[in-house]
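The following block contains the structure:
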């Protein structure tokens, strides 16, 4: 029996949608049809193009006094464009927090090189998966999920390396995404079941506070450190 025109149109539409969205579901970065991508107006490269030397500054460096990162992504290392991989080095002094954030285009695999970290992510059911890590431990943060890192050791810096499954994983910082954008105060107040003055105080705190606050200075985290068994 022949299909009705409306059925044919529906099937055609569904097939087109599948053709569009299937590659997006399969990979974060589009596949390339050459061995590697070259920057615009560049036709010839040598081995230097595939070498990233910025991390040399970390060799023998003094312990970090503030949370800092070194990124090797397609912006800082153009050879990664199209290769579906990037890397970040995370250096945290004792008590530092990398606030809740997400990477919309990549899974993150973290390897703790030295020190101690509490890490965790929240899934789509609002369940928290948190863990304490020692040097040599690895932890995976699924793509797009909100996660954090906290150096709970007061006097021990932590160094970690994170690999991403995209040359451009993206970064969405939850505090700045909510409180340093143009969302109206009344919308945030309603969303958090509070009042506008409270939202304004939070905004002022987020915008005016040191970027890498040491949370161990608060009594709550001092108590945490005293009761945490670092092994």
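Numbering (my numbering), first residue to last: 21 to 251. Quick reminder that beta carbons are idealized off the backbone N, C-alpha and C, glycines included. For clarity, every value in this text was computed on a predicted model and none was experimentally measured.
- When secondary structure is reduced to three states using DSSP, residue 197 falls in the helix class.
- The Cβ atoms of residue 56 and residue 105 lie no closer than 8 Å to each other.
- Per the coordinates, the alpha-carbon of residue 156 lies some 32 Å from the alpha-carbon of residue 51.
- By the neighbour-count criterion, in which 16 or more other beta carbons inside 10 Å mark a residue as buried, residue 187 falls on the buried side.
- In the three-state scheme derived from DSSP, where H, G and I count as helix and E and B as strand, residue 69 is classed as helix.
- Residue nearest to residue 137 within the set 208, 118, 169, 74 is 169 (criterion: CA-CA distance).
- Beta-bridge partners assigned by DSSP to residue 154: 136.
- Three or more pairs of CB atoms, one per stretch, sit closer than 8 Å, so the stretch 159-178 contacts the stretch 137-146.
- Using a Cβ-Cβ distance cut-off of 8 Å, the stretch 193-205 and the stretch 218-228 are in contact, since at least three pairs of beta carbons, one from each stretch, lie closer than that value.
- Closest in alpha carbon position to residue 102, among 54, 158, 88, is 54.
- Using a Cβ distance threshold of 8 Å, residue 148 and residue 132 do not count as a contacting pair.
- Here residue 187 carries a coil assignment [DSSP, helix/strand/coil].
- Look at residue 179 here: in three-state DSSP terms it is strand.
- According to DSSP, residue pairing for residue 169 in a beta bridge involves 118, 139.
- Shown here, residue 111 sits in a strand according to DSSP, grouped into three states.
- Nearest to residue 108 by C-alpha distance, out of 176, 208, 91, 210, is 91.
- Close CB contacts of residue 194 within its chain, under the 8 Å cut and outside five residues either way in sequence, are with 119, 120, 121, 122, 166 (chain order).
- Ranked by Cα distance from residue 116, the first of 126, 89, 217 is 89.
- For residue 150, the CB contacts under 6 Å within the same chain, skipping 5 residues up- and downstream, are 140 in chain order.
- Sorting 99, 66, 79, 125 by C-alpha distance to the C-alpha of residue 58 places 99 at the top.
- Per DSSP, residue 78 lies in no beta strand (DSSP E) and is assigned neither H nor E.
- C-alpha of residue 66 to C-alpha of residue 72: approximately 13 Å in a straight line.
- Counting along the chain, residue 53 sits inside no beta strand (DSSP E), nor does DSSP assign it H or E at all.
- Per DSSP, the beta bridge partners of residue 106 are 184.
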